[in-house]
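S.K.: Be aware that the sequence shown starts at -5, since it is given in the numbering used here, and climbs by one per residue.
Glycine residues also receive a C-beta, built at the ideal position from the N, C-alpha and C atoms.
All figures in this text were calculated on a predicted structure; none of them were measured in a lab.
First the structure, then my questions, so here it is.
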Amino acid sequence: MDDIFEGSFTEPEPLPEAAREAAMAVLGRGRLHRYTTVQGERAETVLLEEDFAARVGARYCLAVASGGYAIGAALRACGVGPGERVLTNAFTLAPVPGAIAALGAVPVYVGVTRDLVIDLDDLEAKLDRASVLLLSHMRGHICDMTRLMALCDAAGVRVIEDCAHTMGADWDGVPTGRWGAAGCFSTQTYKHVNSGEGGLLITDDADLAARAILLSGSYMLYDRHTAAPPAEAFADLRFEVPNVSGRMDNLRAAILRPQLADLDVAARRWNALHDAVAAGLAEVPGLYLPRRPAREGYVASSIQFLLPDHGPARIADVVARCAARGVALKWFGGDPAGYTARYDHWRYARAEPMPATDATLACLLDMRLPLRFDTDDCATIARIIRQEAAR
Ligand SMILES: *Cc1c(COP(=O)(O)O)cnc(C)c1O
């Protein structure tokens, strides 16, 4: 008899007790807007920015309405405007090219390797086409950041990191988001901390931080921010930078702070699940697990693998048979389902064909690893995938 897995791949964990208590306290006060404070009170949003800046060692942090908003604000604060070209990953989530398109700017796509990181040779060849790279650490895979920064620095290309899948992760001990000019994080339900919607922007650049704070809708109240540059940084900007409202509120900040405090524990739990599935899928003939270099400090809330020799019909079968046994795989080579993640699905930005990237995405499968699972669940899941991939 074939076993069937009963767990849900979409169900998040309940929020910790401390987050629920913090939420009730904010609700009891009623002061949900970040600039509505009484004498001596420090808003939860301000405290969250301090917490996160301290955690990653950044000078400045801004909490905003979504990860996509953080990316848009970082790009705009970096001077990206209409018509300008921005390098970005051919394999990422739709809000990444969407943030570029929202500014009237134009994505220039860079390919993905079989290990699911940006193709640094392709990047090198395209560096003269733009002055900004929006780098997405898609599905939590981190490229050789030392080489990437050396290439970009030499070419005068500024780097904005999309860290939606790498909160808590690092390359060579330096957190993602700390390599480029700015790092952007999401606190949406399926990322590493959960406030439904939300985003965080970090930077050490005072001008970039001041612009982002003004863009987010700080009115003339920017001096209420503490993880922020001094007033001088705003002096010339405050009448120049438009208010593009996208603030975070105190309720979301309040439920995020206890989750951030527990992030390292969650990261270890995710990695235990990831490593259990990876162990179960190692040595499966015809199945390629992307390599995870020793310098990559990953937080794997999902796992990916390739079936390079199966061909589309057999992969579709594997997906269908796994689904019938309760294992939800996302196939990037199929018709877009749920969301889009490939450059050729974003028709607002024309792209030249990228055959190597196409070949990788055509055989790429992806699976979420919700924290409700345990390592026994992961062994079952890996066994099911192993059996179905071999049929
Ligand atoms: C979720 C996500 C974003 C954007 O985050 P939102 O908070 O949903 O706007 C950006 N990049 C990637 C890779 C994501 O998965």
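Count the other CB atoms, across all protein chains shown, that sit within 10 Å of the CB of Arg183; report buried if there are 16 or more and exposed otherwise.
M.R.: Reading off the sequence shown, one finds Thr at residue 183, where the question assumed Arg. By the 10 Å Cβ count, Thr183 comes out exposed.
S.K.: Using C-beta distances below 6 Å, list every residue in its chain close to Tyr103, excluding the 5 sequence neighbours before and after it, in chain order.
M.R.: So the qualifying residues of the chain are Ala84, Tyr337, Ala345.
S.K.: Start and end of the beta strand (DSSP E) containing Arg152?
M.R.: That run of the beta strand (DSSP E) goes 152 to 156.
S.K.: Give me the Cα-Cα distance between Arg108 and Leu283, rounded to the nearest whole angstrom.
M.R.: One C-alpha to the other measures close to 9 Å.
S.K.: With DSSP as the reference, label Leu358 as helix, strand or coil.
M.R.: Leu358 falls in the strand class under three-state DSSP.
S.K.: In the DSSP output, what is Ala101 paired with across the bridge?
M.R.: For the sequence presented, residue 101 should be read as Pro rather than Ala. Looking at the DSSP assignment, Pro101 forms a beta bridge with Val80.
S.K.: For Ile112, does the three-state DSSP call read helix, strand or coil?
M.R.: If DSSP states are grouped into helix, strand and coil, Ile112 belongs with the strands.
S.K.: If you measure from the CB of Gly193, is any heavy atom of ligand 1 nearer than 7 Å?
M.R.: Gly193: yes, Cβ under 7 Å from ligand 1.
S.K.: Tell me which residues share the same chain as Pro169 and place their Cβ nearer than 6 Å to its Cβ, disregarding the 5 neighbours each side in the sequence.
M.R.: The residues are Val50.
S.K.: Which class does Ala57 belong to by DSSP, given the choice of helix, strand or coil?
M.R.: The answer is strand: DSSP assigns Ala57 an E or B state.
S.K.: Examine ligand 1 and report whether any of its heavy atoms sits within less than 7 Å of the Cβ of Met361.
M.R.: False, no ligand heavy atom lies under 7 Å from that Cβ.
S.K.: Let me check you understand the geometry: is the CB of Thr86 closer than 7 Å to at least one non-hydrogen atom of ligand 1?
M.R.: Yes, the Cβ of Thr86 comes within 7 Å of a heavy atom of ligand 1.
S.K.: Can you tell me where the beta strand (DSSP E) holding Cys137 begins and where it ends?
M.R.: Premise fails: Cys137 is in no beta strand (DSSP E) and is neither H nor E.
S.K.: Please name the residue, chosen from Arg385, Asn237, Pro364, Asp371, that lies closest to Leu6 on a Cα-to-Cα basis.
M.R.: First, the residue type needs correcting, since residue 6 is Pro and not Leu in the sequence shown. Looking at the Cα atoms, Pro364 is the closest of the given residues.
S.K.: Between Met132 and ligand 1, is the CB less than 7 Å from at least one heavy atom?
M.R.: Correct: Met132 has its Cβ closer than 7 Å to ligand 1.
S.K.: Taking Ala13 and Gly193 to be in contact with their CB atoms under 8 Å, please state how far apart those CB atoms are, rounded to whole angstroms.
M.R.: Not quite, the Cβ-Cβ distance comes to about 18 Å (not below 8 Å), so this is no contact.
S.K.: For Leu56 and Leu195, which I take to be in contact (beta-carbon distance under 8 Å), what is that distance rounded to the nearest angstrom?
M.R.: Between Leu195 and Leu56 the Cβ distance is about 5 Å, and since that is below 8 Å, they are a contact.
S.K.: Checking 8 Å against the spacing of the C-beta atoms, do Arg70 and Asn244 come in under that value?
M.R.: The answer is no: Cβ separation not under 8 Å.
S.K.: Output yes or no for whether 8 Å exceeds the beta carbon distance between His186 and Ala260.
M.R.: Contact: yes.
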